[in-house]
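*Asks:* Sharing a structure with you now.
There are 2 protein chains.
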Amino acid sequence: MPVEPTPIPRHHPLLTEFRRAFKSGPPLVAIEGPRLIGEAIRSGFRVERALFSRTGLEHHGDKLLPQFSKHTTAAVADDGPFAAAMDAEHPQGVAALVRFTPAALAEAFGKEGAVPLLLAAAEMQDPGNLGTLIRAADAFGATGFVALADTVSPFNPKALRASAGSIFHLPVVAKVTAAELIAACRARNVALLATAARASGNDPNEALSGLDRPVCIVIGQEGAGVPRELLRAAGRTIAIPMQRSIESLNAGAAGAILLYEAARQRR
Amino acid sequence: MPVEPTPIPRHHPLLTEFRRAFKSGPPLVAIEGPRLIGEAIRSGFRVERALFSRTGLEHHGDKLLPQFSKHTTAAVADDGPFAAAMDAEHPQGVAALVRFTPAALAEAFGKEGAVPLLLAAAEMQDPGNLGTLIRAADAFGATGFVALADTVSPFNPKALRASAGSIFHLPVVAKVTAAELIAACRARNVALLATAARASGNDPNEALSGLDRPVCIVIGQEGAGVPRELLRAAGRTIAIPMQRSIESLNAGAAGAILLYEAARQRR
Numbered sequence: 012m013p014v015e016p017t018p019i020p021r022h023h024p025l026l027t028e029f030r031r032a033f034k035s036g037p038p039l040v041a042i043e044g045p046r047l048i049g050e051a052i053r054s055g056f057r058v059e060r061a062l063f064s065r066t067g068l069e070h071h072g073d074k075l076l077p078q079f080s081k082h083t084t085a086a087v088a089d090d091g092p093f094a095a096a097m098d099a100e101h102p103q104g105v106a107a108l109v110r111f112t113p114a115a116l117a118e119a120f121g122k123e124g125a126v127p128l129l130l131a132a133a134e135m136q137d138p139g140n141l142g143t144l145i146r147a148a149d150a151f152g153a154t155g156f157v158a159l160a161d162t163v164s165p166f167n168p169k170a171l172r173a174s175a176g177s178i179f180h181l182p183v184v185a186k187v188t189a190a191e192l193i194a195a196c197r198a199r200n201v202a203l204l205a206t207a208a209r210a211s212g213n214d215p216n217e218a219l220s221g222l223d224r225p226v227c228i229v230i231g232q233e234g235a236g237v238p239r240e241l242l243r244a245a246g247r248t249i250a251i252p253m254q255r256s257i258e259s260l261n262a263g264a265a266g267a268i269l270l271y272e273a274a275r276q277r278r
Numbered sequence: 012m013p014v015e016p017t018p019i020p021r022h023h024p025l026l027t028e029f030r031r032a033f034k035s036g037p038p039l040v041a042i043e044g045p046r047l048i049g050e051a052i053r054s055g056f057r058v059e060r061a062l063f064s065r066t067g068l069e070h071h072g073d074k075l076l077p078q079f080s081k082h083t084t085a086a087v088a089d090d091g092p093f094a095a096a097m098d099a100e101h102p103q104g105v106a107a108l109v110r111f112t113p114a115a116l117a118e119a120f121g122k123e124g125a126v127p128l129l130l131a132a133a134e135m136q137d138p139g140n141l142g143t144l145i146r147a148a149d150a151f152g153a154t155g156f157v158a159l160a161d162t163v164s165p166f167n168p169k170a171l172r173a174s175a176g177s178i179f180h181l182p183v184v185a186k187v188t189a190a191e192l193i194a195a196c197r198a199r200n201v202a203l204l205a206t207a208a209r210a211s212g213n214d215p216n217e218a219l220s221g222l223d224r225p226v227c228i229v230i231g232q233e234g235a236g237v238p239r240e241l242l243r244a245a246g247r248t249i250a251i252p253m254q255r256s257i258e259s260l261n262a263g264a265a266g267a268i269l270l271y272e273a274a275r276q277r278r
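Residue numbers (the working numbering), protein chains in the order written: chain S, 12 to 278; chain D, 12 to 278.
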């Protein structure tokens, strides 16, 4: 059992530490809300510091406090200063600093014997979409998720919220260059697939075939699509068959469909 | 060809009219950005008023002005007052008021001979997710989209942006009560399917079977799920089979997967 949370005043350095952690990311990642914190603990991550608002302590203290280890420092601040240290517009009364080491690229290819299924995001700027993709990668059994170098950080607080805890479930690799990803796929005989808005005259029944093989699906920002370097290196361009030709699907929705289809073919 | 846009001062009533239209919705819907406006015109909707910022007129005037009919009143305001009348955080320099009559519920079942495929959103509060669903409904050939009474308006500016113009392509019905939807489906022998986070012990290969028949898929807010009245009336509860058990997918992603799967089965 941790000690009772220590009350801290309005200008305490811990508030600054949280404000900074929301911007900086690993090795200390700031997460908000009882669900995300619970998910981190259940997944074996170590909560270094917990911060409650007065109201948040009343609501979530009984449930959360017993889950912290003796290494967790818990504090409580007044609602106003607490909210000012948070990223969310409507904070949920509790936040935590979690020690988090991003995965190495090799881990994203899965454990020995797994058929690699990677989703790689290129030049994606919307953290909500990125979090949605990480959540879908988790749901559909992807072996790993790769955020390429020019993509918004998966440890961005909005991406973490949208991932709904899935960030703690599968290897998530950040700041990977296109060259590194291409080399890693080649070394392991994993097919690099680039997604496009339109298939090049494919039979719709064939458009997404072969996702049961070892694959790394690269998805780009809507509109701009997959960057040229990756397009050139890709073994194949795939497109989701559509009934009506629209410019593109939302990137989060498109990635979720591709992962669903891969899982379907792998059953 | 419309006349040259009329310069308007800082406190012109047209600015107020736009500000209000972003909040109120049909019959006059305010839309922003050259793409969305172009999509409305191509889809046969009538632009009543167009408003440019000075900078926006330089960028988009040559392309957009010739597309307006003689019924369009075009105006130009300074960048500051223009931005203040917009909804988007980063407005794109042009907006329009479009006359838009929401579809009647009957239209969402498709034209004579079509196999109805409806997506109905229940208690969904995120306009971005709603727009993503409308875009997916368009892409995968749904006959219509229904926003149930307690769902955010599909004519909300954020939903319109996320729909990327798809709102102009298929019948979108708003403010439908659960009772109305249930009755309309029964009258047409359209199966009402409620989505849930988890299937009730189904074989994953059977979990989503039968989407090639006339169906109305009801999707709820993440977490809360489909409201009880609709759950009770539903002929069947469906769930997307997942590899790892997560609480739920993002609602936009889940709806897009169900529509993709329906389109796949209908090929």
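Glycine included, C-beta positions come from ideal geometry on N, C-alpha and C.
#1: Curious, which full-length beta strand (DSSP E) runs of at least 3 residues does the stretch 70-139 of chain S contain?
#2: Whole angstroms are fine: how far does the CA of Ala133 (chain S) sit from the CA of Pro283 (chain S)?
#3: Closest to Ala160 (chain S) by CA distance: which of S:Ala189, S:Pro127, S:Arg146 is it?
#4: Determine, using beta carbons only, whether Leu171 (chain D) and Leu260 (chain D) come nearer to each other than 8 Å.
#5: Assign Asp98 (chain S) to one of two classes, buried (16 or more other C-beta atoms within 10 Å of its C-beta) or exposed (fewer than that).
#6: In chain order, what residues of the same chain have a beta carbon less than 6 Å from the beta carbon of Ile52 (chain S), not counting five sequence neighbours either side?
#7: Specify the secondary structure class of Thr248 (chain S) as computed by DSSP and reduced to three states.
#8: Taking the straight line between their C-alpha atoms, what separation do you get for Pro45 (chain D) and Gly231 (chain S)?
#9: Taking the beta carbon of Ala194 (chain S) as the centre, do at least 16 other beta carbons fall within 10 Å, making it buried, or is it exposed?
#10: So, under 8 Å CB-CB, Ala85 (chain D) and Ala119 (chain D) are touching, yes? Tell me the CB distance rounded to an integer number of Å.
#11: Within 8 Å of any Cβ in chain S, is that where the Cβ of Thr143 (chain D) sits?
#12: Tell me which same chain residues have a C-beta within less than 6 Å of the C-beta of Ser177 (chain D), skipping the five on either side of it?
#13: Quick one, are the C-beta atoms of Met135 (chain S) and Val163 (chain S) less than 8 Å apart?
#14: Give the straight-line distance between the Cα atoms of Glu100 (chain S) and Leu129 (chain S), rounded to the nearest whole angstrom.
#15: By the three-class DSSP mapping on this structure, what secondary structure does Leu242 (chain S) have?
#16: Against chain S, does Asp149 (chain D) count as a neighbour if the rule is that its beta carbon must be under 8 Å from one of theirs?
#17: Would you call the stretch 102-116 of chain D and the stretch 62-78 of chain D in contact, with 3 or more CB pairs under 8 Å?
#18: To which residues of the same chain is His180 (chain S) closer than 7 Å at the C-beta, ignoring the five residues directly before and after it?
#19: Just how far apart, CA to CA, sit Glu191 (chain D) and Pro252 (chain D)?
#20: Per DSSP, what kind of secondary structure is Gln254 (chain D) in: helix, strand or coil?
#21: Against chain D, with Cβ distances strictly below 8 Å, would Arg278 (chain S) count as a contact?
#22: Quick one: does the C-beta of Phe56 (chain D) sit closer than 7 Å to a heavy atom of the ligand HEM?
#23: Take the Cβ of Glu15 (chain S) as the centre, count every other Cβ of all protein chains shown within 10 Å, and call the residue buried at 16 or more, exposed below.
#24: Give me the Cα-Cα distance between Thr112 (chain D) and Pro165 (chain D), rounded to the nearest whole angstrom.
#25: Any Cβ of chain S within less than 8 Å of the Cβ of Met135 (chain D)?
*Replies:* Quick look at the numbers:
#1: 84-88, 105-110, 128-133
#2: The first residue shown for chain S is 12 and the last is 278, placing residue 283 (chain S) beyond what the model contains.
#3: In the first sequence, the residue the question calls residue 160 (chain S) occupies position 149. Nearest option by C-alpha distance: S:Ala189.
#4: Within the second sequence, residue 171 (chain D) is the residue found at index 160, counting from 1. Within the second sequence, residue 260 (chain D) is the residue found at index 249, counting from 1. For Leu171 (chain D) and Leu260 (chain D), no; Cβs fall outside 8 Å.
#5: Walking along the first sequence from the start, residue 98 (chain S) turns up at place 87. It counts as buried.
#6: Locating residue 52 (chain S) in the first sequence gives position 41, where the first residue counts as 1. Within the same chain, Ile52 (chain S) has close Cβ partners Gln78.
#7: Within the first sequence, residue 248 (chain S) is the residue found at index 237, counting from 1. Reduced to three states, the DSSP call for Thr248 (chain S) is strand.
#8: The residue labelled residue 45 (chain D) in the question sits at position 34 within the second sequence. The residue labelled residue 231 (chain S) in the question sits at position 220 within the first sequence. Spanning the two alpha carbons is a distance of roughly 22 Å.
#9: Numbered from 1 along the first sequence, position 183 holds the residue referred to as residue 194 (chain S). Its Cβ having fewer than 16 others within 10 Å, Ala194 (chain S) is exposed.
#10: The count along the second sequence starts at 1 and reaches residue 85 (chain D) at position 74. The count along the second sequence starts at 1 and reaches residue 119 (chain D) at position 108. With a Cβ gap of about 34 Å, Ala85 (chain D) and Ala119 (chain D) do not count as contacting.
#11: Start at 1 with the first residue of the second sequence, and residue 143 (chain D) comes out as number 132. Judged by the 8 Å Cβ criterion, Thr143 (chain D) is in contact with chain S.
#12: For the purposes of this step, residue 177 (chain D) is identified with residue 166 of the second sequence, where counting begins at 1. Answer for Ser177 (chain D): Ile145, Arg146, Asp149, listed in chain order.
#13: Residue numbering aside, residue 135 (chain S) sits at position 124 when the first sequence is read from its first letter. Residue numbering aside, residue 163 (chain S) sits at position 152 when the first sequence is read from its first letter. Yes.
#14: By 1-based counting over the first sequence, the position of residue 100 (chain S) is 89. By 1-based counting over the first sequence, the position of residue 129 (chain S) is 118. If you take the alpha carbons of Glu100 (chain S) and Leu129 (chain S), they lie about 32 Å apart.
#15: Here the question's residue 242 (chain S) lines up with position 231 in the first sequence. Helix, per DSSP.
#16: As a working note, residue 149 (chain D) is residue 138 in the second sequence. Taking Cβ atoms only, chain S reaches closer than 8 Å to Asp149 (chain D), which makes this a yes.
#17: yes
#18: Here residue 180 (chain S) refers to the residue found at position 169 of the first sequence. Cβ neighbours of His180 (chain S) beyond the five flanking positions: Ser54, Asp149.
#19: The count along the second sequence starts at 1 and reaches residue 191 (chain D) at position 180. The count along the second sequence starts at 1 and reaches residue 252 (chain D) at position 241. Each residue's alpha carbon lies about 30 Å from the other.
#20: For the purposes of this step, residue 254 (chain D) is identified with residue 243 of the second sequence, where counting begins at 1. In the structure shown, Gln254 (chain D) sits in coil (DSSP, three-state: anything other than H, G, I, E or B).
#21: Translated into positions along the first sequence, residue 278 (chain S) becomes position 267. Chain D contact via Cβ: present.
#22: Looking for the ligand HEM in the displayed structure turns up nothing, as the structure carries no ligands at all.
#23: Numbered from 1 along the first sequence, position 4 holds the residue referred to as residue 15 (chain S). Exposed, by the Cβ-count rule.
#24: Within the second sequence, the letter at position 101 stands for residue 112 (chain D). Within the second sequence, the letter at position 154 stands for residue 165 (chain D). Rounded to the nearest angstrom, the two C-alpha atoms are 12 Å apart.
#25: Counting from 1 along the second sequence, the entry for residue 135 (chain D) is found at position 124. False, the Cβ-Cβ gap to chain S never drops below 8 Å.
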